[in-house]
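**Q** In terms of our numbering, the sequence shown opens at residue 109 and continues consecutively. Here it is, the structure, as structure tokens.
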Amino acid sequence: MLAAWRRTSIMKPVPERMAATLSEAAVSITITSLTDMISFFIGILSPFPSVQIFCIYSGFAVVFTFVFHLTFFTGCVAISGYCEQKNLHSVVCCKVQPLSKSSNRSWFYRALCTGGVDPDDPYNPIDNPEHGCMSWFRDYLAAALNCKPVKAVIILIFACYLAGALYGLTTLQEGLDRRKLSKNDSYSIAFYDRQDYYFREFPYRIQVVVSGKYDYSNPVIQEQMENLTRSLEASKYISSAPIYTESWLRSFLSYANNSATDIEIRDEKTFINVLKDVWLTPRSSFSLDVKLDQTEEHIIASRFLIQAVNVSGTNQEKDMVKELRRICIESPLNASVFHPYFVFFDQFELVKPTSIQCMVFGALIMMLISFIFIPNVLCCLWVAFCIISIELGVAGYMALWDVNLDSISMINLIMCIGFSVDFTAHICYAYMSSKQKTPEDRVKESLYSLGLPIVQGATSTILGLIALVLAGTYIFMVFFKMVFLVIFIGAMHGMFLLPVLLSLFGPSSYKDEKTESDKKDVEKDLNCKLQQPYVIPHPTLTYYHSSGNAKSLQGSPATSLAAFEDRDPGLGTSEDSNSTESGSSQSRRREGQLEQENQRRHDVWRRSIGVLYGVSQFQTAAPAAAPRPDYSGTSREGAQNEQERRTVRTVSYLGPYPSQSPTNQLNRDHRRSRSYHNLHHSSRYLTDPR
């Protein structure tokens, strides 16, 4: 918005400057705000509450920022515009001298205490300098990008970039290491390191919970419990050694079946009583493994423990949880497995499909929004290509930068969906809005308009994230790395790759030869049709009787059409009228035709004067003795022929007989005649439906 405001003229009124600024910048701001907002709202579909909370907060923050930019910020810009008109200082609001009148001042004064334009010479080049950075993007960067060797080099660099991104995707790892959740200087990191070094062979003690009212005295239930235990021990992720499995039921049945104990279990009640009295004493290690109901007559839940072995890496942990849960589902018992770290393993299972889903849906919606605001299929395809390229680059190079795919990086990938379209949408919209003819000139205008804003936006965003590096935690470092990647890669796409692609394969504003020839044929046909003037017959003719009363006679169709047979330009619309010519014909008229045009108008004027005296190009003067024909179809004879001689008029002016009028009256009659009106006001004559 500031760049668009900077390109407006300070001599124009503030409302006009603000209208021009918003007409240029508001659409781009709307595109980027919509894409950012929708990308965050897509993240709400994530199953992780932390991601949902972050996306809800960020989405509404984008909405507020968008409204804030279009209301409060534009008001501040308008106030600064009024200050510019009055040559007020932008900080202290004191009146300052223009730079052109401060040549005798020091450089410090000219740098900080001058501004505005000289009212005596508002268009002098000293007070209206071209912005150096903006012109650099047009004169140097755009000129370099329009060179074919530079285009080839940029495409080659982009191919290498894509190759590196694809290689990074092959090395992308999933999962969140526990030690990364701690601060860099925390003692917990040393604990996790030693635990992994010394005890990684037997990492997790897993609980198997069986819930529901089951009669554990029933041999069928006992067999089902034993089969479940053996199936879990048969897994490659679980130790099969009986010593590592703590099963209260296996130990209790071994104790009860021993002949030395002399315990007889006949029903569930006997089983529960012996279990409480002998096996579930407070000192027993199995006292917490069995849960009885309030009456202590039934077992409603129980558990046993198994030992994981040789599980290393996120993928193995994720596969272990999947296999153990599959075994529990296949069992007829209502069994489940639990470990405090399983909550992280569940994230590992959902992060990858959720990330892919959000990225695909987000990219499709970004393309749809781009097509709505930039209604050009080819431009939208290039924008979509840049979005996919940026997403691949961020995902690939984050793996090379030691960032795993986890819930934290997934949040940043969702953010990247919106950020990836920002710079490319700006450049594409500026390219399509340009009025230049060739793609090279449109690239120059696009970079002149948006080169500096893109650099400023990317630099300010990256500088704002430097504080995260000082935090010293993995979460903040992931934010910095991924936002840096998406901003840097997006800026490179918008500044270098997209202009090259648009100049090579993008749409242009020029018409092809076929379109131009069709246009010329249409203009030629139109000119041929307008060679003769349009004439509107008048059914009623007015004559003036010798008594001075005006009478109207209905002329026959033959009479009225014969009167317009020759199509007098004085009574109709002249073929040389400005209204019958297109704007392009008028602009191409040579100065040498002006004299010929004036001569034709003079001839038409002379013919129109003849109408006032009763003689026109379609009406000859009759002999004095012969009676003039009557327009009603009858003839008149006698001495009154000369007295009743009249002039046919095509206007409603009811003036005196021309021969009885003085010279000045004749001039006024001429100005009121339709021939004079058609000659000087033919535009209305053609356009008026009457």
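For glycine and all other residues, C-beta sits at the position ideal for the given N, C-alpha and C.
Whole alpha helix (DSSP H) runs in the region 497-537 with 4 or more residues, listed along the chain?
**A** Runs found: 515-527.
**Q** Which residue marks the beginning of the beta strand (DSSP E) containing Ala416, and which one marks its end?
**A** Element bounds for Ala416: n/a, residue is neither H nor E.
**Q** In terms of DSSP beta bridges, what is Lys399 paired with?
**A** Lys399 is bridged to Ala409.
**Q** Compare the C-alpha of Ile314 against each of Leu606, Gln544, Ala443 and name the closest.
**A** It is Ala443.
**Q** Which of the three DSSP states is assigned to Leu196 in this structure?
**A** Correct three-state label for Leu196: strand.
**Q** Please go through the same chain and pick out, in chain order, the residues whose beta-carbon is closer than 7 Å to the beta-carbon of Val594, but skip the five residues on each side of it.
**A** Around Val594: Ile498, Val502, Cys524, Phe527, Ser528.
**Q** Tell me whether the region 329-341 and the region 291-305 touch, counting them as touching only if at least three CB pairs, one residue from each stretch, are closer than 8 Å.
**A** Short answer: they don't touch.
**Q** Is the beta carbon of Tyr345 closer than 9 Å to that of Gln424?
**A** In contact: Gln424 and Tyr345 (Cβ atoms closer than 9 Å).
**Q** Would you mind working out which of Tyr190, Ile137, Thr140 sits nearest Met119, comparing C-alpha positions?
**A** Selected option, being the one with the closest Cα: Tyr190.
**Q** Between the alpha carbons of Ser243 and Tyr556, how many angstroms are there, rounded?
**A** Each residue's Cα considered, the two are about 6 Å apart.
**Q** If you measure between the beta carbons of Ile583 and Leu289, is that distance less than 9 Å?
**A** Going by C-beta atoms, Ile583 is nearer than 9 Å to Leu289.
**Q** Looking at the secondary structure, which residues open and close the alpha helix (DSSP H) in which Arg213 lies?
**A** Premise fails: Arg213 is in no alpha helix (DSSP H) and is neither H nor E.
**Q** In angstroms with no decimal places, state the Cα-to-Cα distance between Pro350 and Arg358.
**A** Rounded to whole angstroms, Pro350 to Arg358 spans 10 Å at the Cα level.
**Q** The alpha helix (DSSP H) that contains Gln303, what's its start and end?
**A** 295-307 is the extent of the alpha helix (DSSP H) around Gln303.
**Q** So, for Cys201: in the same chain, excluding its five sequence neighbours on each side, which residues have a beta-carbon less than 8 Å away from its beta-carbon?
**A** Counting only Cβ-Cβ distances below 8 Å, and skipping sequence neighbours, we find Cys191.
**Q** For Ser319, name the three-state secondary structure that DSSP assigns.
**A** Strand, per DSSP.
**Q** Tell me the rounded alpha-carbon separation between Phe156 and Pro561.
**A** If you take the alpha carbons of Phe156 and Pro561, they lie about 36 Å apart.
**Q** Could you check where the alpha helix (DSSP H) with Val591 kicks off and where it finishes?
**A** Residues 582-600.
**Q** Tell me which residues share the same chain as Ile496 and place their Cβ nearer than 7 Å to its Cβ, disregarding the 5 neighbours each side in the sequence.
**A** These residues qualify, in order along the chain: Ala471.
**Q** Considering only their Cβ atoms, is the gap separating Asp514 from Gln455 smaller than 9 Å?
**A** Cβ distance < 9 Å, so Gln455 and Asp514 count as in contact.
**Q** Let me make sure I understand the geometry here. Which of Ile480, Gln415, Thr129, Ala566 has the alpha-carbon closest to that of Arg308?
**A** Per the Cα distances, Gln415.
**Q** For Arg313, which of helix, strand or coil comes out of DSSP?
**A** If DSSP states are grouped into helix, strand and coil, Arg313 belongs with the strands.
**Q** Take Ser148 as the anchor and find which of Phe588, Trp215, Cys466 has the nearest alpha-carbon.
**A** Looking at the sequence provided, one finds Phe at residue 148 rather than Ser. With distances taken between Cα atoms, Phe148 lies closest to Cys466.
**Q** Go ahead and pull the three-state DSSP assignment for Lys282.
**A** Sequence check: residue 282 is Glu here, not Lys. Strand, per DSSP.
**Q** Beta-carbon within less than 6 Å of Met126's beta-carbon, same chain only, minus the 5 sequence neighbours each way: which residues are those?
**A** Excluding residues within five positions, the ones whose Cβ falls inside 6 Å are Ala186.
**Q** For the alpha helix (DSSP H) containing Ala579, list its first residue and its last residue.
**A** Here Ala579 belongs to no alpha helix (DSSP H), and DSSP marks it neither H nor E.
**Q** For Lys545, tell me which candidate among Leu383, Ser611, Val586, Gly421 has the shortest Cα-Cα distance.
**A** Nearest C-alpha to Lys545: Ser611.
**Q** Assuming contact is defined by CB atoms lying nearer than 9 Å, are Ser325 and Ile371 in contact in what I supplied?
**A** Their beta carbons are not under 9 Å apart, which means Ser325 does not touch Ile371 by this criterion.
**Q** If we ignore side chains and look at the alpha-carbon of each, how far apart do Thr116 and His534 end up?
**A** If you take the alpha carbons of Thr116 and His534, they lie about 19 Å apart.
**Q** Just curious, the beta strand (DSSP E) that Val382 is in, first and last residue?
**A** Taken as a continuous stretch (DSSP letters only), Val382 belongs to no beta strand (DSSP E), being part of the alpha helix (DSSP H) at 376-382.
**Q** Would you kindly report the start and end of the unbroken alpha helix (DSSP H) that includes Ser166?
**A** Counting along the chain, the alpha helix (DSSP H) containing Ser166 begins and ends at 157-176.
**Q** For the beta strand (DSSP E) containing Ser444, name the first residue and the last one.
**A** Element bounds for Ser444: 443-446.
**Q** Flag this pair as yes or no: are the beta carbons of Lys552 and Ala267 separated by less than 9 Å?
**A** The answer is no: Cβ separation not under 9 Å.
**Q** Buried or exposed for Tyr231, please, with buried defined as at least 16 other CB atoms from any protein chain shown within 10 angstroms of its CB.
**A** That one is exposed.
**Q** Enumerate in chain order the residues of its own chain whose CB-to-CB distance from Leu274 is below 8 Å, with the five nearest sequence positions on each side excluded.
**A** For Leu274, where only same-chain residues beyond five positions count, the Cβ hits under 8 Å are Leu500, Gly504.
**Q** Under the three-state reduction of DSSP, which class applies to Thr179: helix, strand or coil?
**A** Helix.
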